[in-house]
Structure formats: structure tokens, C-alpha cells
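Residue numbers (the UniProt record's numbering): 1 to 392.
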Amino acid sequence: MNLVVGVGLRAGTSYRELRELVGAAVADAGGGRVRILITVDGRETEPGVQRLAAFLGAELQTVAPAELRRQSVPSPSEQVERLAGTPSVAEAAVLSAGAELVVTKRTSAQATAAVGRLASAPGYAPGERQVVHRVLAERRDVRRGFVDLPIPDDVLTRVLESAHRAPSVGLSQPWDFLLIREIATRRKIHDLAAAQRDAFAASLPEERRKQFDGLKIEAILDTPLNIAVTCDAGRGGRHVLGRHADPRTTWFSVAIAIQNLWLAARAEGLGVGWVSFFEPGEVAAVLDLPAHIELVGYLCIGYVDEFAPAPELVRSGWAARRPLSWAVHQESWGRRGLPGAEPTSITQDAERAAAKAGGAVVDTGGGVAPGPVGRQVVRVVIGGDPADYLGR
Ligand SMILES: Cc1cc2nc3c(=O)[nH]c(=O)nc-3n(C[C@H](O)[C@H](O)[C@H](O)COP(=O)(O)O)c2cc1C
Numbered sequence: 001m002n003l004v005v006g007v008g009l010r011a012g013t014s015y016r017e018l019r020e021l022v023g024a025a026v027a028d029a030g031g032g033r034v035r036i037l038i039t040v041d042g043r044e045t046e047p048g049v050q051r052l053a054a055f056l057g058a059e060l061q062t063v064a065p066a067e068l069r070r071q072s073v074p075s076p077s078e079q080v081e082r083l084a085g086t087p088s089v090a091e092a093a094v095l096s097a098g099a100e101l102v103v104t105k106r107t108s109a110q111a112t113a114a115v116g117r118l119a120s121a122p123g124y125a126p127g128e129r130q131v132v133h134r135v136l137a138e139r140r141d142v143r144r145g146f147v148d149l150p151i152p153d154d155v156l157t158r159v160l161e162s163a164h165r166a167p168s169v170g171l172s173q174p175w176d177f178l179l180i181r182e183i184a185t186r187r188k189i190h191d192l193a194a195a196q197r198d199a200f201a202a203s204l205p206e207e208r209r210k211q212f213d214g215l216k217i218e219a220i221l222d223t224p225l226n227i228a229v230t231c232d233a234g235r236g237g238r239h240v241l242g243r244h245a246d247p248r249t250t251w252f253s254v255a256i257a258i259q260n261l262w263l264a265a266r267a268e269g270l271g272v273g274w275v276s277f278f279e280p281g282e283v284a285a286v287l288d289l290p291a292h293i294e295l296v297g298y299l300c301i302g303y304v305d306e307f308a309p310a311p312e313l314v315r316s317g318w319a320a321r322r323p324l325s326w327a328v329h330q331e332s333w334g335r336r337g338l339p340g341a342e343p344t345s346i347t348q349d350a351e352r353a354a355a356k357a358g359g360a361v362v363d364t365g366g367g368v369a370p371g372p373v374g375r376q377v378v379r380v381v382i383g384g385d386p387a388d389y390l391g392r
């Protein structure tokens, strides 16, 4: 059984006292493996707590008093509230770790302990979880605001180590990271991107082109380092586990490595911009890549003066984020809704979005039937007279 032990203690509580208290509480729980020893923020530095965690082989976690106060516990105490700012430490800490409380508060002279049972292996402590979600939310594609600072080798190595830890089909690890600092090489690559930028601009309608003119799409010359992330589609030989049925998995693996790099860089305060305004073969020629090595991503990386709170394409009005509820489908594609919510049909969502934008939905199939539906084609008309489009 996976156990969580919550402890509350006065400063200086001895290891011996804690061990006896916790040992008895764990025995009351029927025994098991203590995975987490959890206490209130600040008490993790207590020598007795650290020794107890080492003795138990448990991860030492802490939780903020505000989080403890949110828990509803069986044995709240006014005295604990006066001392710790929360009516419970031991029981509330167990509950905040997501465990079911199986032994309520036990007390010794200086400490309290409670035991919880985890239905499965534990996740990270709430504060650590928050950091993971934070880096996911605050990763940005950065093309502006780079500062003239070199990237220390140890920082870059840490970032590359994270990239290299990515999952890959059959553990084929098909990626390589080509570090490019030479200005002459970067100028050639920059020229390729500029030509593609012009070609894209020329393909746009007037209004859209004006908008595009204000966008920066690369930072090849503004960053101290460019990284060409490549794919060796044959790595691992002919019998790569999982690749035989879907060879695309090789390129997916490289893309995941890039995402790892992007996230680790964000945590280090490094901005990364992915440039795809290239014909990959042209970049391969400039970089003199071996014939079997393909470019997957071209990244510009460096320290920045700030990370924008939202994607540049959103802030500039070029594109918008889709709501998550549109991206989650239940049982059949088109029945959209968040976990636990009643799914709606794509038609209903389109009607709502169209109404909000002052337009209308015009079906090209057999009627705009509300409710969960099967396969449909939906055309949304925004502006003009929807009647003009009916029957087409
Ligand atoms: C495969 C890929 C290629 C991209 N290519 C470019 C590019 O050529 N130029 C650019 O400015 N941004 C590029 N981006 C960045 C996207 O525009 C950006 O990820 C998106 O707008 C969301 O912003 P965020 O990354 O800041 O959240 C690319 C992103 C990906 C994943």
C-alpha cells in the first residue's frame, strides 16, 4: 500500500520522537510503503524531519498554510491554528497530497502525525505541479527582445539534456542538434527565410498582407545561437518497435524533443523561436547535412528582456486560440465537450460562434439538426446575407 504521512511539529522536535509517533501511526494504518512525508512550508529544514524522510525512503514534500486551510479535516485544533495559522497540519497535509485519510491525528509531546492511503503512485507536490503547469503555460515562441548575452555551456547542456530525454518511437532517438553560431552561415539561412517570407506575403490578400508586414517571423541574426534539429529516419535500423505501421512517428519523436528543449529553455530564461519559413532541402544544402539527415526544426535561441504573456499571433490579432472545449471530443469525433460536461455538436458550437460574430450557420448537408450528431459538413457565414449562401 502506498502511504502518505503528514506531520506537524514544533521547531526542534527530535528525530526519535517523530520516528516513534510516525511508526505507531503507520502500524495503525496496517503498514505499507511511505511514499511521501509531508509537512507545512518551512518545517522541511528541521533535522528530525529530514532524517525521518531518509529513514522512510519517502519524498519530503511541503504545503503552504493557505492550502492546508482549504482542507476539511476531522480533527481541527484552535491551538494549532494559533501556532501554525491553520487548524490542521498533519491531517490537512495528507489530504492536500490527494490521499484518503486512514489514520487521523496522533499526538506526541511536540508533534502530530496522520496517515493517508494513495490509490496510485503519487504525483508531484502541489507547488511543484504548479511549476510544471506554469512553464507549459508561459513557454512562448520568441522573435523579439533578445539581449546580447552568451548562453553558458552548462545552461545549454542542461537544455539539450532535457531535449534528449524526449520519448521516441522504439527508443530510436532520431534527433540531432546542430549548434550554429557562425554569422556567415546564419546570414545564408536568413536569406532563405527572407525569400520565403516574401513568397508568403505575395500569396496573401491585401488586408492580410498588411497585417503580416507587421509580424516578425524569425530571429536568426538577433540570437547568439541557432539550432537546427534534424531527423535520421533510418536510425535504429529496420526493426524499430512501433515504427513499422506509422513511419511518421519518427518525425513526431523529433518534434517532441524540440518541445522538451523549448520548455527547458523557458525554465532557464531562454527564449526560443521556431522558424519554418524554409524549404528544408535548401537549409540542408546550406548546412551541408548528410543526404539521409532531414531538417525538422530551425530554432533561434537566446536570453530575452521579457516573455510575452500571450502568443504574438494572438496579440497582433493574426490568429486566435481555440477553446479547449472545441478540441475535446467524446466517443465520436464532433461530440465536443470538456471531461464531465455534456457534449455539444460542432453545429451547435458553430451556430453559437456565428451568432456571436453576427453571422449564421448554413448547412451543406441534410439540415442543421441540434443535439449530438454524426458526420456533418458545416459552413459558417459571417457577414453578408446568409440567404445568399443557402442552397449552394
Ligand atoms: C512547427 C512550428 C513552426 C513554426 N514556425 C514559425 C515561423 O516560421 N515563424 C514564427 O514566427 N513562428 C513560428 N512558430 C511559432 C508559432 O507561431 C507559435 O508557436 C504560435 O503562434 C503560438 O505561440 P506561442 O508558441 O508563443 O504559444 C512555429 C511553431 C511551430 C510549432
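We put the CB at the ideal spot given by N, CA and C, even for glycine.
All of these numbers come straight from a predicted model, not from anything done at the bench.
Exercise for the section: Confirm the yes/no value for this check: CB of Ser203, any heavy atom of ligand 1, distance under 7 Å. Expected result: no
Handout entry: Helix, strand or coil at Ser203 according to DSSP, with G and I counted as helix
Key = coil
Handout entry: beta-carbon Trp274 near ligand 3 non-hydrogen atom, thresh 7 Å
Key = Ligands displayed in this structure: ligand 1; ligand 3 is not among them.
Problem - Thr157 burial status per 10 Å Cβ neighbour count (16 or more: buried) - result: exposed
Problem - Identified DSSP bridge partners for Glu294 - result: Cys231
Handout entry: Segment contact flag, the stretch 291–308 with the stretch 250–260, C-beta cutoff 8 Å, min 3 pairs
Key = yes
Exercise for the section: Put Tyr15 into one of helix, strand or coil per three-state DSSP. Expected result: helix
Handout entry: Beta-carbon proximity check, Leu68 vs Val89, cutoff 8 Å
Key = yes
Handout entry: Strand pairing of Thr45, partner residues [DSSP]
Key = Answer is none; Thr45 lacks a bridge partner.
Handout entry: Cutoff 7 Å; reference Gly366; Cβ partners in own chain excluding five residues on either side
Key = Because Gly366 carries a pLDDT of 46, less than 50, the predicted location of this residue cannot be relied on, and no value is offered for it.
Practice task
Please work out which residues of its chain come closer than 8 Å, Cβ to Cβ, to Ser316, disregarding the five sequence neighbours upstream and downstream, and give them in chain order.
Solution key: Gln211, Gly214, Leu215
Handout entry: Glu218 CB to nearest heavy atom of ligand 1 below 7 Å
Key = yes
Handout entry: Arg134 CB to nearest heavy atom of ligand 1 below 7 Å
Key = no
Problem - beta-carbon Asp153 near ligand 1 non-hydrogen atom, thresh 7 Å - result: no
Problem - Which of helix, strand or coil DSSP assigns to Leu336 - result: A small fix is needed here, since residue 336 is Arg in this sequence, not Leu. Three-state DSSP puts Arg336 in a strand.
Handout entry: Rounded C-alpha distance that separates Val283 from Pro152
Key = 26 Å
Exercise for the section: Check Gly160 in the structure and name its three-state DSSP category. Expected result: Before going further, note that residue 160 is Leu rather than Gly in the sequence given. Three-state DSSP puts Leu160 in a helix.
Practice task
Run the CB neighbour count on Phe146, radius 10 Å, all protein chains shown included, and call it buried at 16 or more, exposed below.
Solution key: buried
Practice task
Tell me whether Arg208 sits in a helix, a strand or coil according to DSSP, three-state version.
Solution key: helix
Problem - Cβ neighbours of Arg235 in the same chain (closer than 6 Å, five flanking residues each side left out) - result: Ser172, Pro174
Handout entry: Val80 beta carbon less than 8 Å from that of Pro87
Key = yes
Practice task
Starting from the C-beta of Tyr303, find all residues in its chain whose C-beta is less than 8 Å away, skip the five residues before and the five after it, and write them out in chain order.
Solution key: Phe146, Val147, Leu149, Ile151, Gly269, Leu270, Gly271
Handout entry: Residue span of the alpha helix (DSSP H) that contains Glu351, given as start and end
Key = 346–356
Handout entry: CB of Leu9 within 8 Å of CB of Val63, strictly
Key = no
Problem - Identity of the residue in Arg129, Arg165, Glu218, Phe200 nearest His190 by Cα - result: Glu218
Practice task
Confirm the yes/no value for this check: CB of residue 393, any heavy atom of ligand 1, distance under 7 Å.
Solution key: Beyond the ends of the chain as shown, which are 1 and 392, falls residue 393; an answer cannot be given.
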